[in-house]
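Chains as they are written, first to last, in my numbering: chain A, 135 to 293; chain B, 135 to 293.
Protein chains: 2
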Amino acid sequence: MTETMTVTETQTTSAGVDTCASAPRPHPRPEGQDRYTISEVAAFTGLSAHTLRWYERIGLMSHVDRSHTGQRRFTNADLDWLGFVGKLRLTGMPVADMVRYAELLREGDHTFDERKELLEATRRDVRTRIAELQDTLAVLDYKIEFYAGAQRAPERPSA
Amino acid sequence: MTETMTVTETQTTSAGVDTCASAPRPHPRPEGQDRYTISEVAAFTGLSAHTLRWYERIGLMSHVDRSHTGQRRFTNADLDWLGFVGKLRLTGMPVADMVRYAELLREGDHTFDERKELLEATRRDVRTRIAELQDTLAVLDYKIEFYAGAQRAPERPSA
DNA sequence: TAGAACCCTGGAGTGCACTCTAAGCAAGCG
DNA sequence: CGCTTGCTTAGAGTGCACTCCAGGGTTCTA
């Protein structure tokens, strides 16, 4: 099952509003092919095959290409999209909202503005969350500092 | 389940290791009293009364003081603790882990080191999460920039 | 002293994001 | 040829963090 880790830079180069290629590199993309089995994609993304099928079922991925026997064959564009979805997932964005964005993409040009607004709202959320986390970090620093200080003091001589 | 350990007035011995008062001001604390009803605490914390009772049930709060008729009377120390829990919640820490920390506190001085380690591990997680979010932010910036650019220069004819 | 508004408990229910099951098809191999 | 492995589907199950309910007691206000 181990694939070669030869990263051969793929990058779909459509000049328009395509399904989203991330700025830098999204994933340790394997070879330069363009048809991956579900287990390969599972390995690359860290998602389970179950989850990948479920993503398609709920519309978080548009219908994935199939082999002549009906097996899924994911493309590099699919991997790009999954990379982006992975980022959004880290922000805590509900899956339903990501599905909404995916639908907007499928609906075409007339959803351009709505997509942009959705991304901007997401960005605001991310900034807020970063601020919250930094606040939390300060609290943790304070407490850990306290523990460190108390350790120097007479009490509980630990191992 | 958590029973015994009746105590839990306003707090533990140790010159230092108390139930945790955050560095600055944790919440818009109301008046200077020290006995709040559950609905007051719900209002201050943003948590529901249901959730507050549930927190106590699972041991995320040590047994809350009661009025002579059995109604909960939260103290300022409880509010401090809830403020800290709120911070931890923002980090995505599982409730079970917070319960673990609460248990360590109740167990007393000999858990000092374990508590410190838990906080340090949490801090590492928070730093990691902040880094991830900043990464995500970069992707969002890139995409939004793209949308902004495409808007100025309308091309993109396909469906 | 009534009625509204609040609080109590144990336990059941909800929503989300998976995660797994069952039953079956398809390809590679000794 | 049968075995193993990997894939397919619809649908059921899981774990988490709440969230609510039923059936009662309490407290505040008029």
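Glycine included, every Cβ here is placed at the ideal spot set by N, Cα and C.
Tell me, please, whether the CB atom of T203 of chain A is closer than 8 Å to any CB atom in chain B?
no
Residues of the segment 227–256 of chain A with Cβ closer than 9 Å to any Cβ of chain B, in chain order
G242, D243, F246, D247, R249, K250, L253, E254, T256
Endpoints, the alpha helix (DSSP H) within which R223 of chain B is located:
210–224
Counting C-beta neighbours from all protein chains within 10 Å, is the total for S196 of chain B 16 or more, i.e. buried, or is it exposed?
buried
Got a sec: is the Cβ-Cβ distance from F218 of chain A to anything in chain B below 8 Å?
yes
Just to make sure I have the definition right: I need the residues of chain B whose C-beta is within less than 7 Å of the C-beta of L213 of chain A. Which are they?
Here the premise fails: no neighbours, minimum Cβ distance about 15 Å.
Using 8 Å as the limit for Cβ to Cβ distance, is A157 of chain B near chain A?
Confidence at A157 of chain B is low in this model, with a pLDDT of 38, below 50, so its placement is unreliable and the value that follows should be read with caution. So, interface residue.
For chain A, is any of its Cβ atoms less than 8 Å away from the one on L194 of chain B?
no
Give a yes or no on whether the C-beta atoms belonging to R261 of chain A and L271 of chain B are separated by under 8 Å.
yes
Could you tell me whether the segment 243–252 of chain A touches the segment 206–223 of chain A, where touching means 3 or more Cβ pairs closer than 8 Å?
no
Terminal residues of the alpha helix (DSSP H) in which H244 of chain A lies
Counting along the chain, H244 of chain A falls outside any alpha helix (DSSP H), and DSSP gives it neither H nor E.
Own chain partners of G193 of chain B with C-beta closer than 7 Å, once the 5 adjacent residues on each side are dropped:
T136, V233, A236, E237
Do we get a CB-CB distance below 8 Å when we pair T262 of chain B with the residues of chain A?
no
Please decide whether T270 of chain B counts as near chain A, where near means a Cβ-Cβ distance under 8 Å.
yes
Closest residue to A284 of chain B among A:V219, A:G283, A:D243 (Cα-Cα distance)
A:D243
Near D199 of chain B, what residues of its chain come up, given a Cβ to Cβ distance below 6 Å and the 5 sequence neighbours on each side ignored?
R207
So which residues on chain A does L181 of chain B lean against when the C-beta distance must stay under 9 Å?
Chain A residues near L181 of chain B: none, gap ~16 Å exceeds 9 Å.
Is T225 of chain A close to chain B, meaning its C-beta is less than 8 Å from at least one C-beta of that chain?
yes
Amino acids of chain A, ordered along the chain, whose beta-carbon sits closer than 8 Å to that of I278 of chain B:
K250, L253, E254, R257
Per DSSP, what are the beta-bridge partners of Y170 of chain A in this structure?
A:F208
List the residues that DSSP assigns as beta-bridge partners of R200 of chain A.
A:R206
Beta-carbon gap between I267 of chain A and I172 of chain B smaller than 8 Å:
Checking the displayed sequence, the identity of residue 267 of chain A turns out to be Leu instead of Ile. No, Cβ-Cβ distance for L267 of chain A and I172 of chain B is not below 8 Å.
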